[in-house]
Structure formats: structure tokens, C-alpha cells
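2 protein chains.
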Amino acid sequence: MANDVPHHHGNLREALIEAGLQLLVEGGPSALTLRRAAARAGVSHAAPAHHFDGLRGMQTAMAARAYQDFSDMMVRHRSAAGPGALARLAGVCQGYLAFATERAGLFHLLFVAGEVSRDDPALQQASTLACQVLRDACLPFSATTLPDPQIEIAVWSMVHGYALLGLNLPDCPERAIVDIPPFDDLLRRIVADNPSKPLAPAGDLG
Amino acid sequence: MANDVPHHHGNLREALIEAGLQLLVEGGPSALTLRRAAARAGVSHAAPAHHFDGLRGMQTAMAARAYQDFSDMMVRHRSAAGPGALARLAGVCQGYLAFATERAGLFHLLFVAGEVSRDDPALQQASTLACQVLRDACLPFSATTLPDPQIEIAVWSMVHGYALLGLNLPDCPERAIVDIPPFDDLLRRIVADNPSKPLAPAGDLG
DNA sequence: CACGCTCCTTGACACTGTCAAGATAAAAGC
DNA sequence: GCTTTTATCTTGACAGTGTCAAGGAGCGTG
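The listed protein sequences derive, respectively, from chains A and B. First residue of the first sequence? That's 1 in this note's numbering, and the numbers climb one at a time after it. First residue of the second sequence? That's 1001 in this note's numbering, and the numbers climb one at a time after it.
Shown next as C-alpha cells:
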């Protein structure tokens, strides 16, 4: 083959991840295919097999990268939130929901499709990091200086369920039978009357 | 063809749904295939196309049936719960979680895979019915005689997220970093200090 | 120059959903 | 009774998919 691309792509692994993420964003989960990613990266259909353990392996690598987007989204919304522990936690949750809405393809990859190897070390690290953003935001609401699993899990479950039920979408089917309260109202049911310890004395605003 | 089965199966549609549910339970979501369901029902690979609108159509029909299992599971756990509105709501939630655990394939079909036509009337009816079980259990915690969407959505989101994060599984990965409180404890954060109106005066126990 | 090693291609296989045509059996009309 | 019609299923094909085995192309090292 005497094309412009050399036989050795140079950085095919990264290119495939990039191509896969594009496919996912553009065409949804069903558009993500080993062969299509290969074609978009300009290589033959079997090339990905030398870099990933099948489709599942590629999705795992993509997920590790998507988790960084996820963390960024939560951090960004936290920064945009007002001062105060509750506002910051609400901001993190809004980031969680915004990721589910605006990066639906990636959210699907991380939490819905499940075609991902959860024991992959890179993935675990990225996911733990994202998880930590949420946990940190919950910390001020713990009665002690240690994290309170009950609060963490309550918030995590609720925001996750809210996102997966699609309740943050303007056209979700549930709106036909119930009117959906904004997530902040639900959040207050868990943490508002559980008054936080005083805010970190001289704080960063994120 | 001079086999024992007549040319007209008689009730192929139901047989295909049954076969599909079996495949889902036995081999997980990836084992569910139009061709395999057809083979198990003893018909040719293209027969399902005459009864369903593709794989999506068959999954939709299966989902409508699975929702009945789902409702039954919640009702059964509600019956097994003690008296009192909180115990009954907790029972319904336990049914929700039990369905996610014990009927993982069906739960996946309903809430995870998403390869289902949400506008199908039979599916909508079945899903509304299941939803109603949960909403009814929330009713005693409303401040008025009308349902309180905030409570309903809070409980629904939380139990849904708890189930989808797999937190009810004994070997879920999150146990490595947090110890997972039982769902009942989380539920109390939403409804316990929101004292219910008195229980229905002379009640059924479900 | 020759060797080895890594990266990628080619070609094949079994499997998937889906479509067009045709065969077959049951029902309906007379 | 027989014919016609209709619903039901089969056969065969097609474009995709993931995955494997075998081999070629290019780079570094002797």
C-alpha cells in the first residue's frame, strides 16, 4: 500500500480511542464498532485487535478516558456554584446530571452498556477519582470528621437514579404522570436538615 | 416438512416471548437473539419477523411481560413486610432490589439495555402499573391526601440508583472503598422524619 | 546486508438482523 | 365437495459484526 500513511501508524491506540469516542458521540452506542473505529483511524479492520482485547477492551480504554470528562464536568459545575457546602454539593450533582445529558454517549458507556472490564486498573483509577469528587462534596455533611457512608451512598444513589431515569431531560416520559421536582429539592431532603459542620475555614471555591 | 409440528405453530408469538425470556435468564443479555429464540421455538430464523418489528419489537413485548414480574415482586415483598407505612414502603423497595438481583436479565431488559420501544401501549400500561405500586407505597408520607411528587421521585431515584449501582449485591466493587448501608437506612433519611399521616384506618396488609 | 521484532493487512469463519420470494396450511366462498 | 383467499412460515440471500490464523511491510540491531 503506497498511501500517505506509513505502515506503522505511530499512535494507533490513541487514535482508535479518539475515533471510538467520536463514533459514540455522533451516532450513539450502536454506532460504536471495532471496524468503524478502525476505518476512521485509517487502518484495516483487524488492526484494533493488536491494541485491545476485543471490543470490550477498546470500550474499557474509552471508558477510562470518559471518566476524566466526567470528573471535569463535576468539578466545573462545582466551581460555578455559589459558596457553602450545600451549594457545592448541589453543583457536583448538577455536573453529574449534566454529564448524563450532554455527554449521553459517554454516560451510556460508563454506566449503562456495562460492556466494560471493571477490573481494569486504569479504569478503576479513573473511576475512583471521579467518585472522590462526589465523596468530597459530601464530607461537610458528615457528623464526624470522617466520611459518612450513609450520606455518600444516599446522594450517589439518588443522583444516579435521577440521571438514569432521565428525569433531568425536559421530555422524559415520567413528566406525563408526575411533575418532576428539580434535583436540588431532593438533595435537601437528604442533607439539609442534617446540618453540616462549619465550612472549611479558609476555603478554595473550587 | 413432515415433522411433528404443524406448519402453523398456533401461538408462535407467545412461544417466542417465552423462549426469549428463557434465553435472557440463562445466558444474559448477549444470549438473546432473534435467531436463537426462533430456533428454541422450533421455527425458522425469519419467522419472528412476522410477529415483531425486529429484535426491538420482540424485546418490547418481552419487557411488557417482565414488568408484570416486577410488579409481582414488589407486591410480594410488601406482603411479607410488617405493618406500618414505612415497613410497607421498605418492603416495596426490597422487592425492587430483589427483582434487580434475582431477575438480573429482566431488570437489564427493562432499565439498562434500553432496546425497547417506550411508546408501545402494552409496555406503557405494564410500566405504569408497576410504577403505581411504588407510588401507592409513598402516598402515606405525603403531607396532603394527594401524592407528593418530591417524595415519590426521591424514593424512586434512590432505589433505582441503588439497584443500578449494584449496591445490593454482596460482591459489588464499591464495598472495597465504602461500607454500603442497607437500603432501609437510606430510605429513612427521606421519609422517616417526614411523619406520615395516620395509617389507613382499617387496612389490608397487602 | 541480513536478521528479528513489532505493527499492520489480508482473508476467512461463524454469527447477527433484515429483506424478498415462494411454499404450505388453514379458512372462507360458492 | 372444490376453489380461492389469506395468514403463516421457510428458504435463500445480503450486508454487517467480532474474531482468528497467516503473512507481509517497515524499523532497529547485529
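Beta carbons: idealized from backbone N, C-alpha and C, even for Gly.
For residue i, the nearest candidate out of the options (CA to CA)
i	options	result
GLY105 (chain A)	A:GLU26, A:LEU86 and A:GLY84	A:GLU26
ALA1064 (chain B)	B:ALA1126, B:ASP1171, B:PHE1141 and B:ILE1180	B:ALA1126
GLN1094 (chain B)	B:LEU1134, B:MET1062, B:ALA1037 and B:THR1033	B:LEU1134
MET1062 (chain B)	B:ARG1118, B:ARG1078 and B:ARG1076	B:ARG1118
GLU1102 (chain B)	B:MET1074, B:GLY1084 and B:GLY1114	B:MET1074
LEU1089 (chain B)	B:ARG1040, B:LEU1123, B:PHE1141 and B:ARG1035	B:PHE1141
GLU14 (chain A)	A:PRO147, A:ALA38 and A:ASP72	A:ALA38
LEU187 (chain A)	A:PRO48, A:SER79 and A:VAL92	A:VAL92
LEU1165 (chain B)	A:ASN168, A:ILE153 and A:PRO29	A:ILE153
ASP1136 (chain B)	B:ALA1113, B:VAL1155, B:ALA1122 and B:TYR1162	B:VAL1155
GLU174 (chain A)	B:PRO1149, B:PHE1107, B:PRO1182 and B:THR1144	B:PRO1149
ALA130 (chain A)	A:GLY114, A:LEU169 and A:ARG76	A:ARG76
VAL973 (chain B)	B:ASP1053, B:ALA1081, B:ALA1085 and B:VAL1116	Given that chain B is displayed from residue 1001 to residue 1206, the structure contains no residue 973 (chain B) and the question cannot be resolved.
MET158 (chain A)	A:PRO147, A:ALA143 and A:ASP184	A:ASP184
ALA49 (chain A)	A:LEU16, A:ALA81 and A:TYR67	A:LEU16
Euclidean distance between Cα positions of residue i and residue j
i	j	result
GLN22 (chain A)	ILE177 (chain A)	36 Å
ASP1171 (chain B)	ILE1180 (chain B)	11 Å
TYR96 (chain A)	PRO83 (chain A)	19 Å
HIS160 (chain A)	HIS1009 (chain B)	44 Å
ASN11 (chain A)	PHE70 (chain A)	24 Å
TYR162 (chain A)	PRO29 (chain A)	21 Å
HIS1051 (chain B)	THR1128 (chain B)	24 Å
LEU32 (chain A)	GLY42 (chain A)	16 Å
GLU1018 (chain B)	PHE111 (chain A)	28 Å
ARG1036 (chain B)	LEU1169 (chain B)	30 Å
PHE1099 (chain B)	SER1079 (chain B)	15 Å
LEU1055 (chain B)	GLN1124 (chain B)	18 Å
GLY206 (chain A)	ASP72 (chain A)	Since pLDDT at GLY206 (chain A) reaches only 40, below the 50 mark, its modelled position is unreliable, and the value read off the structure follows with that caveat. For GLY206 (chain A) and ASP72 (chain A), the distance between alpha carbons rounds to 12 Å.
THR144 (chain A)	ALA87 (chain A)	20 Å
ASP1120 (chain B)	GLY1057 (chain B)	9 Å
SER40 (chain A)	LEU24 (chain A)	The question names Ser, but residue 40 (chain A) is Arg in the sequence shown. Near 13 Å, if we compare the C-alpha coordinates of LEU24 (chain A) and ARG40 (chain A).
HIS20 (chain A)	GLN1068 (chain B)	Sequence check: residue 20 (chain A) is Gly here, not His. Straight-line Cα distance between these residues: approximately 38 Å.
ALA81 (chain A)	ALA1113 (chain B)	34 Å
Local conformation of residue i per DSSP, three classes
i	result
LEU146 (chain A)	coil
ARG1118 (chain B)	coil
THR33 (chain A)	coil
LEU16 (chain A)	helix
CYS93 (chain A)	helix
GLY203 (chain A)	Residue placement at GLY203 (chain A) is flagged as unreliable, the pLDDT there being 42, under the threshold of 50; a coordinate-derived value is accordingly withheld.
ARG1103 (chain B)	coil
SER1044 (chain B)	coil
PRO1170 (chain B)	coil
PRO181 (chain A)	coil
GLY82 (chain A)	coil
ALA165 (chain A)	In the sequence under discussion, the amino acid at residue 165 (chain A) is Leu, which differs from the Ala named in the question. Three-state DSSP puts LEU165 (chain A) in coil, outside helix and strand.
GLY1027 (chain B)	helix
### Message
Counting only Cβ-Cβ distances shorter than 9 Å, please list the residues of the segment 1168-1180 of chain B near chain A, keeping chain order.
### Response
PRO1173, GLU1174, ILE1177, VAL1178, ASP1179 and ILE1180
### Message
If the cut-off is 7 Å on Cβ atoms, which residues from the segment 137-151 of chain A count as contacting chain B, listed in chain order?
### Response
PRO149 and GLN150
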